[in-house]
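J.:
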Amino acid sequence: MANYIAEPFKIKAMEPLRVTTPEYRRERIEAAGYNPFSLRAEDVYIDLQTDSGTGALSDRQWASLLIGDESYSGGRSYYKLLDTARALFGEDYYIQPVHQGRAAEKVLFPALIEPGQHVVSNTLFDTTRGHVGLAGGVPVDLVTEAGRHPAVPADFKGDIDIPALKEFIAAKGADSIAAVMITITNNSLGGQPVAIANMREARRVADRHGLPLLLDAARFAENAYFVKRREPEFADASISEIVQETFALADAFTISAKKDGLVNIGGLLGVRDHPALTAAVKSSVVAMEGFLTYGGLAGRDLEALAVGLTEAVDEDLLRYRIGQVQYLGARLEEAGIVHQTPVGGHGVFVDAAAFLPHLAWHEFPGHALAIELYVEAGIRAADIGSLLLDPDPVTGEAQRAVAEFTRLAIPRRVYTQAHLDVVADALIAIKDRAADVPGYEIVEQAKVLRHFTARLRPITR
Ligand code: F0G
Numbered sequence: 015m016a017n018y019i020a021e022p023f024k025i026k027a028m029e030p031l032r033v034t035t036p037e038y039r040r041e042r043i044e045a046a047g048y049n050p051f052s053l054r055a056e057d058v059y060i061d062l063q064t065d066s067g068t069g070a071l072s073d074r075q076w077a078s079l080l081i082g083d084e085s086y087s088g089g090r091s092y093y094k095l096l097d098t099a100r101a102l103f104g105e106d107y108y109i110q111p112v113h114q115g116r117a118a119e120k121v122l123f124p125a126l127i128e129p130g131q132h133v134v135s136n137t138l139f140d141t142t143r144g145h146v147g148l149a150g151g152v153p154v155d156l157v158t159e160a161g162r163h164p165a166v167p168a169d170f171k172g173d174i175d176i177p178a179l180k181e182f183i184a185a186k187g188a189d190s191i192a193a194v195m196i197t198i199t200n201n202s203l204g205g206q207p208v209a210i211a212n213m214r215e216a217r218r219v220a221d222r223h224g225l226p227l228l229l230d231a232a233r234f235a236e237n238a239y240f241v242k243r244r245e246p247e248f249a250d251a252s253i254s255e256i257v258q259e260t261f262a263l264a265d266a267f268t269i270s271a272k273k274d275g276l277v278n279i280g281g282l283l284g285v286r287d288h289p290a291l292t293a294a295v296k297s298s299v300v301a302m303e304g305f306l307t308y309g310g311l312a313g314r315d316l317e318a319l320a321v322g323l324t325e326a327v328d329e330d331l332l333r334y335r336i337g338q339v340q341y342l343g344a345r346l347e348e349a350g351i352v353h354q355t356p357v358g359g360h361g362v363f364v365d366a367a368a369f370l371p372h373l374a375w376h377e378f379p380g381h382a383l384a385i386e387l388y389v390e391a392g393i394r395a396a397d398i399g400s401l402l403l404d405p406d407p408v409t410g411e412a413q414r415a416v417a418e419f420t421r422l423a424i425p426r427r428v429y430t431q432a433h434l435d436v437v438a439d440a441l442i443a444i445k446d447r448a449a450d451v452p453g454y455e456i457v458e459q460a461k462v463l464r465h466f467t468a469r470l471r472p473i474t475r
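Take any residue in the sequence shown, count from 1 to its spot, add 14: that is its number in my numbering.
1. Quick check: the region 180-194 against the region 120-132, are there 3 or more CB pairs under 8 Å?
2. Are the region 423-436 and the region 337-345 touching, with three or more C-beta to C-beta distances below 8 Å?
3. In whole angstroms, what is the alpha-carbon distance linking R32 and R100?
4. Starting from T35, follow the beta strand (DSSP E) in both directions and report where the run begins and ends.
5. In three-state terms, what does DSSP make of D221?
6. Taking the beta carbon of R414 as the centre, do at least 16 other beta carbons fall within 10 Å, making it buried, or is it exposed?
7. Less than 8 Å between the CB atoms is what I'm expecting for L71 and A417, so what's the real figure, rounded?
8. Apart from the five residues just before and just after L53, which ones in its own chain have a Cβ nearer than 8 Å to its Cβ?
9. If we count the other Cβ atoms within 10 Å of its Cβ and call it buried at 16 or more, is D140 buried or exposed?
10. How do the region 399-408 and the region 309-323 stand: do at least 3 beta-carbon pairs fall below 8 Å, yes or no?
11. Buried or exposed: where does E119 fall if 16 or more other Cβ atoms within 10 Å of its Cβ makes it buried?
12. Under the criterion of a Cβ to heavy atom distance below 7 Å, does N49 qualify as lining the ligand F0G?
13. Starting from the N-terminal side, write out each stretch of the beta strand (DSSP E) that is 3 residues or longer and does not extend beyond the region 140-185.
14. Below 8 Å CB to CB, which residues in the same chain sit around L96 once its five sequence neighbours on both sides are set aside?
15. Which runs of the alpha helix (DSSP H), 4 residues or longer, sit entirely within the region 18-80?
16. Provide the residue(s) that pair with I196 in DSSP beta bridges, ordered along the chain.
17. Quick check on this structure: which residue in F23, L79, G67 has the alpha carbon closest to the alpha carbon of G115?
18. Kindly examine the ligand F0G and report whether one of its heavy atoms sits closer than 7 Å to the Cβ of F378.
19. Would you say the beta carbon of D230 is closer than 7 Å to some non-hydrogen atom of the ligand F0G?
20. By the three-class DSSP mapping on this structure, what secondary structure does S85 have?
21. Flag this pair as yes or no: are the beta carbons of A396 and T64 separated by less than 8 Å?
22. Given G204, which residues of its chain have a CB within under 6 Å of its CB, disregarding the five upstream and five downstream residues?
23. Taking 7 Å as the cut-off, is the beta-carbon of R116 closer than that to any non-hydrogen atom of the ligand F0G?
24. Taking 8 Å as the threshold, find out whether the region 445-459 comes into contact with the region 73-93 through three or more Cβ pairs.
25. Compare the C-alpha of D106 against each of D287, F369, T474 and name the closest.
26. Could you check the C-alpha separation between H372 and I183 for me, to the nearest Å?
27. Note down the Cα distance separating R243 from R40, rounded to an integer number of angstroms.
28. Quick check on the burial criterion: 16 or more other C-beta atoms within 10 angstroms. Buried or exposed for R143?
29. Going along the chain, which residues of its own chain have a beta-carbon closer than 6 Å to the beta-carbon of A320, five neighbours each way excluded?
30. So what does DSSP say about T292, is it helix, strand or coil?
31. Report yes if the C-beta distance between A391 and A440 is below 8 Å; otherwise report no.
32. What residue ranges within the region 387-454 form continuous alpha helix (DSSP H) runs of no fewer than 4 residues, ordered along the chain?
33. For the beta strand (DSSP E) holding R469, just list the boundary residues, first then last.
34. Using DSSP with H/G/I as helix, E/B as strand and the rest coil, what is E458?
35. Which of the three DSSP states is assigned to D11 in this structure?
36. Are at least three pairs of beta-carbons, each pair with one atom in the region 172-180 and one in the region 225-236, less than 8 Å apart?
Now the structure itself:
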């Protein structure tokens, strides 16, 4: 029996949800060009599209909004955020608030990447990949063998493949590489954690070749929780000690604070011991995000993020949160539904290629299952598979993802056990008619980050 860890909080404000019929939803998804991003959120019952910016604030965060300092420069909330972030990530970081994760990428990459250089990663998330490309760089993902097999459990599937990293540097030369970037947790692979041991190895390799090591640390607290549970060296360490250990290994980081930062909007960029890069970051932020002490955010956003960072490392909250993901994973496992195993930190990634074996990768099984979930029960999920990958910018060729997932991302502190049961029951119902689920083809797409706005249609055979 799946085990549910009860909420370490009670609910103070509720938001009503609308229940609709399958006929209504069929009509809505067709009108949306079979793209869940184009649905109106009020037509969604349980929204598992993302865990980004969709969490509930705590009462302390709501209270903090009122004391946000809205001064244009030098605001109190900025200094509060700075003190909290430095205490958590390291006192020697220059820390810059920005409006969200991709803003940090937009500011950092042009200052770091020379056209044609590679950014080598465990797996870059889609916006990160997009911004590497926009800065003239070439994204490279080096996934370990363990990461490639959803049904086979392993502790740190998110790791970067160290032998492949060494080979890549030997083959291409360090000059052709702008940076090594590690995504914690590894979102595209299922929110899978990266071991500190793996990051230490990556650091050693990077040092040997004079390369900077970057962290894309949107889910730094979830990663630390897994490290505590799975890496014996850290069994007795606190979450914040593990976070410190992690960030001490990097030269720079980007954070979308909409995840573990527990806010609805916000991001951070950190740079260590690199005056030239820090100067480039500052001048770009002033031009593109806003003055250094607000970085495109309101003072109240800075204040809520300062509180969010403190709550993010609360081990009880992490145990409950990851427990929710594990509960949904266990319910699916009982029903024989294959997913990335063990589940990661922020959601269950259903192996849509295994669920819909009659569909080819270029018929987007991850997307097809997401559409079916919407029609079945009003659940919004997202493809993390080949639809997410834009065609190769040089050759224009379609790219195949390592896996075809339907991601059920769980917002923080939002849904209950009963909601998760609705999700599991819907998938179980779809399993019985899986052979009838159609694949999809793209009718219209943008050049970069196509999945957000593409229009598709079902393939009729
Ligand atoms: N890096 C990672 C690992 C992410 O998961 C995201 C966002 C970003 C960077 C970009 O941050 O959205 O604040 O600009 N991921 C969201 C998701 C959108 O649904 O996984 P952002």
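Glycine is no exception: its CB is placed at the ideal position from the N, C-alpha and C atoms.
T.: A quick look at the data gives this:
1. yes
2. yes
3. Here residue 32 refers to the residue found at position 18 of the sequence shown. Here residue 100 refers to the residue found at position 86 of the sequence shown. The straight-line gap from Cα to Cα measures roughly 42 Å.
4. Start at 1 with the first residue of the sequence shown, and residue 35 comes out as number 21. Unbroken run through T35: none, as it is neither H nor E.
5. Translated into the one-based positions of the sequence shown, residue 221 becomes position 207. In the structure shown, D221 sits in a helix (DSSP, three-state: H, G or I).
6. The sequence position of residue 414 within the sequence shown is 400, counting from 1. Under this definition R414 is an exposed residue.
7. Walking along the sequence shown from the start, residue 71 turns up at place 57. Walking along the sequence shown from the start, residue 417 turns up at place 403. Not quite, the Cβ-Cβ distance comes to about 33 Å (not below 8 Å), so this is no contact.
8. Position 39 of the sequence shown, counting from 1, holds the residue named residue 53. Closer than 8 Å at Cβ, skipping near neighbours: R42, I43, A46, Y388, R394.
9. Numbered from its first residue, the sequence shown carries residue 140 at position 126. D140 is buried by the Cβ-count criterion.
10. no
11. Against the sequence shown, residue 119 aligns to sequence position 105. So E119 counts as buried.
12. Looking up residue 49 in the sequence shown gives position 35. No; taking the cut-off as 7 Å, the Cβ of N49 has no heavy atom of the ligand F0G nearer than that.
13. 152-155
14. Position 82 of the sequence shown, counted from the start, is the residue given in the question as residue 96. Excluding positions up to five away in sequence, the list reads I109.
15. 36-45, 73-80
16. Along the sequence shown, one-based indexing puts residue 196 at 182. L229.
17. What you label residue 115 is simply residue 101 of the sequence shown in a count that begins at 1. Taking only the C-alpha atoms, the option nearest G115 is G67.
18. Indexing the sequence shown from 1 puts residue 378 at position 364. No, since every heavy atom of the ligand F0G falls outside the 7 Å radius drawn around the Cβ of F378.
19. Taking the sequence shown and counting its residues from 1, the one referred to as residue 230 is at position 216. For the ligand F0G, at least one heavy atom lies less than 7 Å from the Cβ of D230.
20. Indexing the sequence shown from 1 puts residue 85 at position 71. Coil.
21. Start at 1 with the first residue of the sequence shown, and residue 396 comes out as number 382. Start at 1 with the first residue of the sequence shown, and residue 64 comes out as number 50. Yes; because the gap between Cβ atoms is below 8 Å, this pair is in contact.
22. Against the sequence shown, residue 204 aligns to sequence position 190. Answer for G204: Q354, G358, F363, listed in chain order.
23. Stepping through the sequence shown from its first residue, residue 116 is reached at position 102. True, at least one ligand heavy atom lies under 7 Å from that Cβ.
24. no
25. The count along the sequence shown starts at 1 and reaches residue 106 at position 92. Ranking D287, F369, T474 by Cα distance to D106 puts D287 first.
26. Position 358 of the sequence shown, counted from the first residue, corresponds to residue 372. Position 169 of the sequence shown, counted from the first residue, corresponds to residue 183. The alpha-carbon atoms of H372 and I183 are separated by roughly 39 Å.
27. Within the sequence shown, residue 243 is the residue found at index 229, counting from 1. Within the sequence shown, residue 40 is the residue found at index 26, counting from 1. C-alpha separation (whole angstroms): 43 Å.
28. Counting from one through the sequence shown, the residue named residue 143 turns up at place 129. R143 should be labelled buried.
29. The residue labelled residue 320 in the question sits at position 306 within the sequence shown. Closer than 6 Å at Cβ, skipping near neighbours: K94, L95, T98.
30. Here residue 292 is taken as the residue at index 278 of the sequence shown, counted from 1. Helix.
31. Here residue 391 refers to the residue found at position 377 when the sequence shown is read from its first residue. Here residue 440 refers to the residue found at position 426 when the sequence shown is read from its first residue. Yes. Within cutoff.
32. 431-445
33. Along the sequence shown, read from residue 1 onward, the residue named residue 469 stands at position 455. Looking at the DSSP string, the run of the beta strand (DSSP E) that includes R469 is 469-472.
34. Locating residue 458 in the sequence shown gives position 444, counting from the first residue. E458 falls in the strand class under three-state DSSP.
35. Shown here, the chain extends from 15 to 475; a query on residue 11 therefore has no answer.
36. no
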